[in-house]
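Colleague: Chains A and B, in that order, give the protein sequences. Numbering-wise (the working numbering), the first sequence opens with residue 456 and increments by one. Numbering-wise (the working numbering), the second sequence opens with residue 19 and increments by one. All C-beta atoms, glycine included, are put in the ideal place defined by N, C-alpha and C.
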Amino acid sequence: MSLLHAMLLSDPAPEAVAQGAAAGHGEDPAEILMHHVLDVPGFLGPLSKHLVFFAVVATLVIVIVRLALRGYKDGLPRTPLANAVEAILVFIRDEIAEKNIGHDGHRFVPLLASFFFFILTAALFGLMPFSATSTGNLSVTFALAFVSFLAQQWAGISKFGVVHHFTGLVPPGLPAWLLPIMIPVEIIGVFSKPFALMVRLFANMIAGHMVITALLMLIPLMAQMSTFLGLAIAPVSIGLALFIMLLEVLVAFIQAYIFTLLSAIFIGMYAHPAH
Amino acid sequence: MDPKALAYFAAGIGAGLTIIGGAGGIGRLAASAMDGISRQPGSAGDIRGAMIVAAGLIEGATFFALIVTILLALK
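1) Measuring alpha carbon to alpha carbon, tell me which residue in A:Ile643, A:Val625 and A:Asn592 is nearest Leu493 (chain A).
2) What ranges does the alpha helix (DSSP H) occupy inside the segment 550-592 of chain A, keeping only unbroken runs of at least 4 residues that lie completely in it?
3) With 9 Å set as the bound, which would you pick, yes or no: does the beta-carbon of Val71 (chain B) sit closer than that to a beta-carbon of chain A?
4) Whose Cβ in chain A lies nearer than 7 Å to the Cβ of Gly78 (chain B)?
5) Measuring CB to CB, does Lys93 (chain B) end up less than 9 Å from Ala25 (chain B)?
6) Can you give me the Cβ contacts of Leu515 (chain A) inside the same chain, cut-off strictly under 8 Å, excluding the 5 residues immediately before and after it?
7) Can you pull the chain B neighbours of Ile713 (chain A), defined as C-beta to C-beta under 8 Å?
8) So what's Pro532 (chain A) in DSSP terms, helix, strand or just coil?
9) Is DSSP giving Leu524 (chain A) helix, strand or coil here?
10) Measuring CA to CA, which of A:Phe621, A:Gly530 and A:Ile713 is closest to Val654 (chain A)?
11) Can you give me the C-alpha to C-alpha distance between Glu553 (chain A) and Ala29 (chain B), rounded to a whole angstrom?
12) Give me the subset of the segment 618-652 of chain A whose CB atoms are less than 7 Å from a CB atom of chain B, sorted by chain position.
13) Measure the beta-carbon distance from Leu89 (chain B) to Met69 (chain B) and round it to whole angstroms, keeping in mind my assumption that it falls under 8 Å.
14) Assign His620 (chain A) to buried or exposed, taking buried as 16 or more other Cβ atoms, counted over all protein chains shown, within 10 Å of its Cβ.
15) Taking only the alpha-carbon atoms, compute the straight-line gap between Pro639 (chain A) and Ala651 (chain A) and give it to the nearest angstrom.
16) Just reading off the alpha helix (DSSP H) that Phe621 (chain A) is part of, what are its end residues?
17) Helix, strand or coil for Leu493 (chain A), going by three-state DSSP, please let me know.
Here it is in structure tokens:
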């Protein structure tokens, strides 16, 4: 509720609150708008809304990719869906994994493809009415970034062994007096990479919804002052919100690409620390 | 002054400064990329890919600052 007040920058009219309280939640327009952005606990039994849509999106991705797999005959894609999925997979393998990780990059293609398809589907699913963007939740992006963190460390450890991996973090040939500075810097670097992934995805997924909410919230805010102002601002608000919606479709693809690409770059950094 | 008003004040100024930094960074990046593409149209694809990565990194740093300003307004 405090977020709501911050966005309105004033308390809602007392009668609106009383009405909302009497009729249960979902009656106040601001409440409906914010419920699309924030997590709703107890949406389906003990599960919160983001958790439900997280499961729905994950199931959807598995089903779609399995369906695409059934479109293969004699090792070639025969259905449109199989062709579409293969086009993205080949792009991830050749342009993201092989280019940034190197010749052994194909080992990480399943992980990178899972990141890409899940983030893309979650973001696009969140644009539908009555749904929620599960990646607009810090816990979900933390989990994704944590998997990416484990993959980065495993890339180094599996190639060089535990000791060499951690000693190789500091560039060789440094003067000894630089070590007290470089060792903490490199340790911070290890954790700041997945942290940046986590915050970037979360902020991008929630930012567009916040802007749309603020634009649509202008309508009840203006209507509280006068009916004419409310009617006058409505087409402007809806037009701008529609534009941001279209931008969100673009952002969904770009963020899925960036998360996958940066994961690949970080994995490549630990797999080839010399350059 | 009321501390809540001061926090909103700071959040507004912070959001403005954030957008100045982010827009300046991405603007310079896009200008250089355009320059590079017009000089070497053959490597437009590579330049575009590198530009998107750098834009993502700038955007990440911008979002850190933005989240601090949002926290100022909410707490």
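Modeller: Looking at the coordinates:
1) Locating residue 493 (chain A) in the first sequence gives position 38, counting from the first residue. Closest option to Leu493 (chain A), Cα to Cα, is A:Asn592.
2) Entirely contained in the segment 550-592 of chain A, the alpha helix (DSSP H) runs reaching 4 residues are, in chain order, 564-580.
3) The residue labelled residue 71 (chain B) in the question sits at position 53 within the second sequence. Output row for Val71 (chain B): interface = yes.
4) For this step, residue 78 (chain B) is matched to residue 60 along the second sequence. Those within 7 Å of Gly78 (chain B) in chain A are Ala651, Val654 and Arg655.
5) Along the second sequence, one-based indexing puts residue 93 (chain B) at 75. Along the second sequence, one-based indexing puts residue 25 (chain B) at 7. Lys93 (chain B) is a Cβ neighbour of Ala25 (chain B), given a cutoff of 9 Å.
6) Start at 1 with the first residue of the first sequence, and residue 515 (chain A) comes out as number 60. Counting only Cβ-Cβ distances below 8 Å, and skipping sequence neighbours, we find Thr576 and Phe580.
7) The count along the first sequence starts at 1 and reaches residue 713 (chain A) at position 258. The contacting residues are Ile70, Val71 and Gly74.
8) Here residue 532 (chain A) refers to the residue found at position 77 when the first sequence is read from its first residue. DSSP, read as helix, strand or coil, puts Pro532 (chain A) in strand.
9) As a first step, residue 524 (chain A) is located in the first sequence; it is residue number 69 there, counting from the start. In this structure, Leu524 (chain A) counts as helix in the three-state DSSP scheme.
10) For the purposes of this step, residue 654 (chain A) is taken as the residue at position 199 of the first sequence. Proximity to Val654 (chain A) across A:Phe621, A:Gly530 and A:Ile713 peaks at A:Ile713, based on C-alpha coordinates.
11) Position 98 of the first sequence, counting from 1, holds the residue named residue 553 (chain A). Position 11 of the second sequence, counting from 1, holds the residue named residue 29 (chain B). Inter-residue distance for Glu553 (chain A) and Ala29 (chain B) is about 43 Å (C-alpha atoms, whole angstroms).
12) Among the residues of the segment 618-652 of chain A, those with a Cβ less than 7 Å away from any Cβ of chain B are Ala651, in the order of the chain.
13) Position 71 of the second sequence holds residue 89 (chain B). Position 51 of the second sequence holds residue 69 (chain B). Between the beta-carbon of Leu89 (chain B) and that of Met69 (chain B) there is about 30 Å, and that puts the pair past the 8 Å contact cut.
14) If you number the first sequence from 1, residue 620 (chain A) lands on position 165. The residue in question, His620 (chain A), is buried, as its Cβ has 16 or more Cβ neighbours within 10 Å.
15) Residue 639 (chain A) sits at position 184 when you count from the first residue of the first sequence. Residue 651 (chain A) sits at position 196 when you count from the first residue of the first sequence. So the alpha carbons of these two residues sit roughly 18 Å apart.
16) By one-based count along the first sequence, residue 621 (chain A) stands at place 166. Note, Phe621 (chain A): alpha helix (DSSP H), Val617 to Thr622.
17) The residue given as residue 493 (chain A) occupies position 38 in the first sequence. Shown here, Leu493 (chain A) sits in coil according to DSSP, grouped into three states, outside any helix or strand.
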